[in-house]
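Heads up, the sequence shown is in numbering that gives the first Met the number 0, so the first residue is 0 and it goes up one at a time. Even for Gly, the Cβ is constructed at its ideal location relative to N, Cα and C.
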Amino acid sequence: MTDRPGHDVADLAEDLRAWLPAQRWFAAKGQELTGVRVVRAAELSEDLVHVLVAAGDEVYQLLVGVRAELPDHLAPVAIGPLGGGTAYDAALDPDLVSGLVDLMAKGAEVGGLSWRAEPGVELVTGLRARPVGVEQSNTSLVYGSQYILKLFRRPVPGPNRDVQLHRALHAAGSKQIATPVGTVTGELDGQPTVLGFAQRFLGDAAEGWATATASVRDLLAEGDLHAREVGGDFAGEASRLGAAVAQVHADLAAALGTEVVDAAKLAGAVDAMHARLDEVLGEVPALAEHEAKVRAAFDAVRGVEGGISVQHVHGDLHLGQVLRTTAGWVLIDFEGEPAAAAAERELTRSPLRDVAGMLRSFDYAALHLVAGGEPDHQKATRAAEWADRNRAAFCDGYATVGPDPRAHAVLLRAFELDKAVYEVRYEHRNRPDWVAIPLAAIKRAE
Numbered sequence: 000m001t002d003r004p005g006h007d008v009a010d011l012a013e014d015l016r017a018w019l020p021a022q023r024w025f026a027a028k029g030q031e032l033t034g035v036r037v038v039r040a041a042e043l044s045e046d047l048v049h050v051l052v053a054a055g056d057e058v059y060q061l062l063v064g065v066r067a068e069l070p071d072h073l074a075p076v077a078i079g080p081l082g083g084g085t086a087y088d089a090a091l092d093p094d095l096v097s098g099l100v101d102l103m104a105k106g107a108e109v110g111g112l113s114w115r116a117e118p119g120v121e122l123v124t125g126l127r128a129r130p131v132g133v134e135q136s137n138t139s140l141v142y143g144s145q146y147i148l149k150l151f152r153r154p155v156p157g158p159n160r161d162v163q164l165h166r167a168l169h170a171a172g173s174k175q176i177a178t179p180v181g182t183v184t185g186e187l188d189g190q191p192t193v194l195g196f197a198q199r200f201l202g203d204a205a206e207g208w209a210t211a212t213a214s215v216r217d218l219l220a221e222g223d224l225h226a227r228e229v230g231g232d233f234a235g236e237a238s239r240l241g242a243a244v245a246q247v248h249a250d251l252a253a254a255l256g257t258e259v260v261d262a263a264k265l266a267g268a269v270d271a272m273h274a275r276l277d278e279v280l281g282e283v284p285a286l287a288e289h290e291a292k293v294r295a296a297f298d299a300v301r302g303v304e305g306g307i308s309v310q311h312v313h314g315d316l317h318l319g320q321v322l323r324t325t326a327g328w329v330l331i332d333f334e335g336e337p338a339a340a341a342a343e344r345e346l347t348r349s350p351l352r353d354v355a356g357m358l359r360s361f362d363y364a365a366l367h368l369v370a371g372g373e374p375d376h377q378k379a380t381r382a383a384e385w386a387d388r389n390r391a392a393f394c395d396g397y398a399t400v401g402p403d404p405r406a407h408a409v410l411l412r413a414f415e416l417d418k419a420v421y422e423v424r425y426e427h428r429n430r431p432d433w434v435a436i437p438l439a440a441i442k443r444a445e
């Protein structure tokens, strides 16, 4: 294995300039990409090269394979010609990436990267890899039925929040996470950088978004029944999910501590919410009719007495970030909000931020099924009832382990509205048919 790959990947720079913006995990959507530079390329095996590419203000991680001829299933991930063959995104090629967990098991130093199992973990080797569905920010590979390896497409120098919080929760004995089993690290900008993170694969798990939206579909298919009357009622699961989230918050607080935000920092947080609102108002004029109400909710936070307790939290919590296993709910992906700067993701926050994110997600699960089509008042009303029922159940469950989120109504309302403002911009840019969902939530807010 060598740091001098047999194929000169630098020759791909122009092809990468066209290829990168088409990837789901590319950060600068809609911006012209003027320059691409291969920062580092090193062989992991004869036809597999680990590559770090600088594009704009970001660095991206690639696993580049080279084949004389691409089979049909790899044609969609072709990058361009290289060395008499075709270079492609090898993260989707089991023939080339199945050996990565084996490198962790060996504690290998390959391609200038360190492959390590977590202390006390003996990894099973010889497993076949397969890519996992479609992800927005990273690429994950499942190895047999044992492990899932997340490759960070936009690695950030320094400590990795996802790894750190998982390790802290594992050390605390948390049952609400998938066990960490290994990492791959390299160097970027002179600092150690986590490039990959492996965990136990929860093969029996169902995604929270899928289970919640199935419940809504069952409701809407049942004529004029209400949520509590339908066999697929989700409220029990929502309550158990609330308790699981509260337990994760309690474990993180015990492991990593808490602090009380003073008036100056609180004012800064309020100013940041106003600044976000200013930006979104410039893009989405329909938000203007709610501006006064939203600003009043933000400013009410300035009057909260006794300070606000902050700590490490999930940071991007919604129904797509939780899994229902046979043993209970598990939280995944503790990286924080993907669109936020790395320094912002590292900040401690009120646990109510996570609660607000999940409450907004229940709203989405219910109302996205009636968004964008012909208006149906009855279905919309029943979907809203489902959302209200499950939002309340989540808070009830949270209150069995932690403080009742509804006891901090001023904060929770402000954080929900801030999240909804963020959603308005996201939907306006990406899914215009759905922008009515967060706008309706802002309109309903008391």
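With DSSP collapsed to three states, give me the class of residue i.
| i | result |
| --- | --- |
| Arg430 | coil |
| Trp18 | helix |
| Arg66 | strand |
| Asp2 | Confidence at Asp2 is low in this model, with a pLDDT of 49, below 50, so the placement of that residue should be treated as unreliable; the coordinate-derived value is given next. Three-state DSSP puts Asp2 in coil, outside helix and strand. |
| Ser214 | helix |
| Trp208 | helix |
| His313 | coil |
| Leu318 | helix |
| Asp71 | helix |
| Val38 | strand |
| Asp10 | helix |
| Glu304 | coil |
| Leu126 | coil |
Could you please give the first and the last residue of the uninterrupted beta strand (DSSP E) stretch that includes residue i?
| i | result |
| --- | --- |
| Leu140 | 138-142 |
| Val321 | 321-324 |
| Ile436 | Where Ile436 is concerned, there is no enclosing beta strand (DSSP E), although the alpha helix (DSSP H) it sits in stretches over 435-443. |
| Gln30 | No beta strand (DSSP E) contains Gln30, which DSSP labels as neither H nor E. |
| Arg115 | 112-116 |
| Ala54 | 47-54 |
| Trp328 | 327-330 |
| Asp88 | 84-88 |
Could you give the first and the last residue of the continuous alpha helix (DSSP H) run that contains residue i?
| i | result |
| --- | --- |
| Ser360 | 350-366 |
| His446 | Because the chain in this structure spans residues 0 to 445, residue 446 falls outside the shown range and cannot be described. |
| Leu99 | 99-105 |
| Leu95 | 93-96 |
| Ala342 | 341-344 |
Mark residue i as exposed unless 16 or more other C-beta atoms lie within 10 angstroms of its C-beta, in which case mark it buried.
| i | result |
| --- | --- |
| Asp7 | exposed |
| Asp417 | buried |
| Asp232 | buried |
| His165 | buried |
| Thr1 | No answer about Thr1 holds up, because its pLDDT of 41 lies below 50 and its placement is not dependable. |
| Gln135 | exposed |
| Val259 | exposed |
| Pro284 | exposed |
| Ala21 | exposed |
My assumption, with CB atoms under 8 Å, is that residue i sits in contact with residue j. Please give the rounded CB distance.
| i | j | result |
| --- | --- | --- |
| Tyr142 | Leu148 | 7 Å |
| Asp250 | Leu168 | 6 Å |
| Ala386 | Asp362 | 5 Å |
| Leu218 | Ala226 | 6 Å |
| Ala128 | Leu140 | 5 Å |
| Ser144 | Phe196 | So it is not a contact: roughly 19 Å between Cβ atoms. |
| Gly83 | Asp14 | Contact flag wrong, Cβ pair sits at about 15 Å. |
| Ala237 | Phe393 | 5 Å |
| His72 | Gly110 | The Cβ separation is near 25 Å, so there is no contact. |
Which whole runs of the alpha helix (DSSP H) in the region 159-199 are 4 residues long or more, in chain order?
160-170, all fully within the region 159-199.
Every unbroken beta strand (DSSP E) within the region 220-294, with a cutoff of 3 residues, ordered by chain
The qualifying runs are 257-260.
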